[in-house]
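Below is one structure; the comments refer to it alone.
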Amino acid sequence: MNRIHNIHGGIHPPERKALSLPGQLRTAGIPRQLVLPLAQHIGKPAEAIVQVGDRVLGGQRLAEADGLVSVPIHAPTSGTVSAVELRSVPHPSGLENQCVVIDCDGLDEWLPLTPLVDWQTQPPEALVAHVRAAGVAGMGGAGFPTAVKLLASDKHSINTLIINGTECEPYITADDTLMQVSADAIIEGAEILAYIVGAQHILIGVEDNKPDAIAAMREAASQCQRDIEVASFPTKYPSGGEKQLVEILTGQQVPSGMIPAELGLLCQNPGTAVAVRDAIIHGRPLTQRIITITGEALSTPGNFEVLIGTPITHLLSLAGFQPEHNRRLIHGGPMMGFALDSADIPIVKTSNCILVPTEQELPTPPPPQACIRCGLCAEACPASLLPQQLYWFARAKDQEALEAHNLFDCIECGACAWVCPSNIPLVQYYRAGKASIVDTRQEKVRSDRLRERFEARQERIARETAEREAKRAARKAAAEQKAASGNSEDPVQAAIARAKARKQSTEQAD
Amino acid sequence: MAFLRITSPHGHAANSVASVMQAVLLATLPGVFALTWFFGPGTLLNIAFGGLLALIFEFAVLKLRHRDVRFYLSDYSVLVTSTLLCIALPPYAPWWLIVVGVATSVLLGKHIFGGLGYNPFNPAMVGYVVLLISFPLQMSSWAPPRGLAEVPGVMDALQAMFLPQSYDGLTMATPLDALRQNTGLLMVDLQSQPPFGHIAGLGWETVNLAFLAGGIWLLYKRIFSWHAPVAMLAALTLAALIGFDDGSSNSGGSPWVHLLSGGTMFGAFFIITDPVSSAVSNRGRLIFGALIGLLIYLIRVYGNYPDAVAFAVLILNFAAPFIDHYTQPTTYGHRGPKA
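Listed below in structure tokens is the structure:
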């Protein structure tokens, strides 16, 4: 049995997980229309390959990956492409992005699927290609293309695969539910992932507030040939952060600015493991996921199996939305999720929760007060930062001090802001601080390049001027030399003489 | 349908500046009760009068600074400042002493730097030190404790405060005064004198234990961390052990006297724990507290003033940013050699 290690800081916000009835899965069905953003992952957006009016089948590619760090998008069901245009996507800024819109026909006709039979005998590259073709991107929230993450094993030797079933954010029970209903699929997916990267060990980490999920995973793991360990550890937010989970399970810290592969570890979300397994075993692309629709402004919250692209409005009506008590719509959990302007936004591959709290449940924050440097934030910080110092430096726009205090090691978990007695939106200051430092760096690169170009131009002009000068000087020198060497005849006199001679000869001819 | 756009996190713990300040005020109750029991109603009157003045000053400054008066007054911070100052003042102090003290604390200690959160020095101690240097006579006139003299009544206290010329109250040297002025007595003999009580001074030992109880409750409520108080008490104990000199007439006094006399416990749990003016990291707070403990001992034994908490705290307030600079905790992923 693996020893469980403690991490610095962390908080215990009310879990509120029972609200969404973990373990019970409902289906959201096929909505009238699906909106599929071309950028649902980290990296370059996919490129649409369908046109308005095309009839598409389930599993058909709507957009191709553009470059290595990108994934394709597939149709979740059959229907007609009714638009390829800018639509609002889930983004903190209310961004609009290119989307493929499908009017579903309800027939749910699918293309024939092409599984990868006998994956154990196939080279890992073939499996990675299959995962990539299925459009799998990390389903825990970041949405990093899974195939690219698996390729990292080329550079590092991966010893242990960690399946991150921590789900430490309050309210969310999507992974909990998945672990209860699809434990076998997760184990199978983990085996495939371990095969691809050559990991000897598989470790599944789950917080101890999910006893049913732990039991289901242990049961499934015991059926398996491989030695798979399901580790449970005390519930504390943010234990599910990748770096935090690595420390809890191994006692090692991922060096700053590096990835767990540096320690021979690869972390994957249970949803991603199932998506990989479906891609290999069934040849099915990633077109659906489990999402928690919860909050007290709903009469029937729960976990839903939804098609990617399903509008949030559709899900809210399924869960019995009562708008009179609600002012906020949150994509993700209460700690790290972002508020959406409108419910007319689709679910994407990284959506794990839609939270619709009542005003009483999560009140609108009061205006912030002055920081009294109480240090509760530093006690809560899982990265052992000094949040109150970072706050002062961020306000003073002191980028040097921000970097010296390791601003970029902040994972934006929100634990500091949660405990802050002055209600200061600390994370927002850190985001702004990071953005301004990135801006400054880019500005520096830009100005360096401009300066280099300017200097090169100055040099070129100077060189050309010098060359011209040199040529002129050479010509002048040659002329002078010519003038000096004999032939002292005045050219003007010579011309006059020639003209006279010509005149005489014409007169003689007359 | 448009929803509110608010940045994460969307939830918040049930704590606020006001609740922190209220907890500190509540935690002073055992100590204030003990002070009142042994020295009469003078301290209570100080606190009430000082609190009223503090609210008036705060109100006036907030108006001058065009701040939302209701919003800022409801954080209770000015009441904490005035209460802490008034606990430290001698009971039966004249009214003008309290006016000068509270005005200095609130105006010079706090608002001149920008108000709550911006003050580099502990405001209550700024007021206290200004009074101590300016009015040493009034500041060193402590009433004798119950058991050595009759405790004044409420009317006496009012008279002392508002008609100080006509009030003829008893005053008496505190145990720390006696210790500092000791020449020639062995500690055993000195401590057998009446003001020393059982351990560290009649009344004083109970008052200190009462403030210790309040402080432990604040620790339990996680209002502050244990680092600064524990470091201060440990350093003071260690220094007193070294300087005890086996109880000779040159002794600096036993650790018990230092721990349970004067403002030790009040300082350890209510003054040096002021977060605004202390060091920020836990390691920094250990250093901050330990140096205060050491300075308290040195000033008590070798200095000109009988008690030293206020001076020690102000000096270390100066040093806090410097301590912070060298005690930044190791961030996650920064252990070992940098890649």
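Protein sequences appear in the order of chains Y and H. Going by this note's numbering, 344 is the number at position 344 of the first sequence; the sequence numbering is gapless. Take any residue in the second sequence, note its place counting from 1, add 510, and you have its number in this note's numbering. All C-beta atoms in this analysis are idealised placements derived from N, C-alpha and C, irrespective of residue type, glycine included.
Coil, strand or helix - residue i by DSSP
{"i": "G79 (chain Y)", "result": "strand"}
{"i": "K848 (chain H)", "result": "Interpretation of K848 (chain H) is limited by its pLDDT of 45, a score under 50 that renders its predicted location unreliable; no figure is taken from the coordinates."}
{"i": "L695 (chain H)", "result": "coil"}
{"i": "V50 (chain Y)", "result": "coil"}
{"i": "T591 (chain H)", "result": "helix"}
{"i": "G302 (chain Y)", "result": "strand"}
{"i": "Y237 (chain Y)", "result": "strand"}
{"i": "P13 (chain Y)", "result": "coil"}
{"i": "L680 (chain H)", "result": "coil"}
{"i": "T292 (chain Y)", "result": "strand"}
{"i": "H314 (chain Y)", "result": "helix"}
{"i": "N352 (chain Y)", "result": "coil"}
{"i": "F569 (chain H)", "result": "helix"}
{"i": "A339 (chain Y)", "result": "strand"}
{"i": "E109 (chain Y)", "result": "coil"}
{"i": "A220 (chain Y)", "result": "helix"}
{"i": "H405 (chain Y)", "result": "coil"}
{"i": "L36 (chain Y)", "result": "strand"}
{"i": "G321 (chain Y)", "result": "It should be pointed out that residue 321 (chain Y) corresponds to Phe in this sequence rather than to Gly. Here F321 (chain Y) sits in strand by DSSP."}
{"i": "T103 (chain Y)", "result": "The amino acid at residue 103 (chain Y) is misidentified as Thr; the sequence shows Asp. In this structure, D103 (chain Y) counts as strand in the three-state DSSP scheme."}
{"i": "H74 (chain Y)", "result": "strand"}
Chain A contact for residue i (CB, 8 Å cutoff)
{"i": "Q253 (chain Y)", "result": "Here chain A cannot be found, since the structure's protein chains are Y and H."}
Span separating the alpha-carbon of residue i from that of residue j
{"i": "V542 (chain H)", "j": "T593 (chain H)", "result": "10 Å"}
{"i": "E443 (chain Y)", "j": "K243 (chain Y)", "result": "30 Å"}
{"i": "L19 (chain Y)", "j": "P346 (chain Y)", "result": "23 Å"}
{"i": "L57 (chain Y)", "j": "P115 (chain Y)", "result": "17 Å"}
{"i": "A849 (chain H)", "j": "P260 (chain Y)", "result": "Unreliable placement is indicated for A849 (chain H), whose pLDDT of 40 sits below 50; the coordinate value is still reported in the next sentence. Answer to the nearest angstrom: the Cα atoms are 14 Å apart."}
{"i": "V356 (chain Y)", "j": "L298 (chain Y)", "result": "7 Å"}
{"i": "H844 (chain H)", "j": "D398 (chain Y)", "result": "21 Å"}
{"i": "Q223 (chain Y)", "j": "M179 (chain Y)", "result": "15 Å"}
{"i": "A456 (chain Y)", "j": "E467 (chain Y)", "result": "16 Å"}
{"i": "A830 (chain H)", "j": "G773 (chain H)", "result": "21 Å"}
{"i": "R373 (chain Y)", "j": "P367 (chain Y)", "result": "17 Å"}
{"i": "T514 (chain Y)", "j": "L127 (chain Y)", "result": "Nothing about residue 514 (chain Y) can be reported from this structure: the residues present for chain Y run from 1 to 510 only."}
{"i": "N629 (chain H)", "j": "C371 (chain Y)", "result": "11 Å"}
{"i": "L574 (chain H)", "j": "N209 (chain Y)", "result": "53 Å"}
{"i": "W606 (chain H)", "j": "A634 (chain H)", "result": "16 Å"}
Closest Cα partner of residue i within the set the options
{"i": "F408 (chain Y)", "options": "Y:Y429, Y:V492, Y:P421", "result": "Y:Y429"}
{"i": "L808 (chain H)", "options": "H:T840, H:S758, H:L751", "result": "H:L751"}
{"i": "A273 (chain Y)", "options": "Y:A261, Y:L286, Y:A415", "result": "Y:L286"}
{"i": "L318 (chain Y)", "options": "Y:E305, Y:R475, Y:D208", "result": "Y:E305"}
{"i": "V419 (chain Y)", "options": "Y:V445, Y:I11, Y:N6", "result": "Y:I11"}
{"i": "V616 (chain H)", "options": "H:T774, H:V717, H:G777, H:F567", "result": "H:F567"}
{"i": "S82 (chain Y)", "options": "Y:R32, Y:C353, Y:V131", "result": "Y:R32"}
{"i": "P816 (chain H)", "options": "H:W652, H:P630, H:W605", "result": "H:W652"}
{"i": "Q527 (chain Y)", "options": "Y:G141, Y:V136, Y:I49", "result": "This structure cannot speak to residue 527 (chain Y), because chain Y is shown only from 1 to 510."}
{"i": "P234 (chain Y)", "options": "Y:E207, Y:I214, Y:G241", "result": "Y:E207"}
{"i": "I802 (chain H)", "options": "H:L514, H:F548, H:I726, H:L826", "result": "H:L826"}
{"i": "L796 (chain H)", "options": "H:D834, H:T841, H:H768, H:S584", "result": "H:D834"}
{"i": "D176 (chain Y)", "options": "Y:A152, Y:P211, Y:G251", "result": "Y:P211"}
{"i": "A213 (chain Y)", "options": "Y:Q200, Y:Q225, Y:I186, Y:I202", "result": "Y:I186"}
{"i": "F548 (chain H)", "options": "H:P646, H:P662, H:A523", "result": "H:P662"}
Bounding residues of the alpha helix (DSSP H) (the contiguous stretch that carries residue i)
{"i": "D463 (chain Y)", "result": "What sits at residue 463 (chain Y) in the sequence shown is Arg, not Asp. Note, R463 (chain Y): alpha helix (DSSP H), 426-484."}
{"i": "F832 (chain H)", "result": "819-836"}
{"i": "G799 (chain H)", "result": "792-812"}
{"i": "D542 (chain H)", "result": "The sequence given here has Val at residue 542 (chain H), not Asp. 539-549 is the span of the alpha helix (DSSP H), which, as asked, contains V542 (chain H)."}
{"i": "P765 (chain H)", "result": "765-770"}
{"i": "L583 (chain H)", "result": "579-583"}
Enclosing beta strand (DSSP E) for residue i [first to last residue]
{"i": "T160 (chain Y)", "result": "160-164"}
{"i": "E64 (chain Y)", "result": "61-64"}
{"i": "T27 (chain Y)", "result": "25-27"}
Cβ-heavy atom distance, residue i to the ligand PLP, below 7 Å
{"i": "G333 (chain Y)", "result": "Looking at this structure, you won't find the ligand PLP or any other ligand, since it has none at all."}
Expected contact under 8 Å - CB spacing of residue i and residue j to nearest Å
{"i": "N556 (chain H)", "j": "L589 (chain H)", "result": "Incorrect: roughly 13 Å between the Cβ atoms, too far for contact."}
{"i": "A415 (chain Y)", "j": "Y237 (chain Y)", "result": "7 Å"}
{"i": "M775 (chain H)", "j": "N718 (chain H)", "result": "4 Å"}
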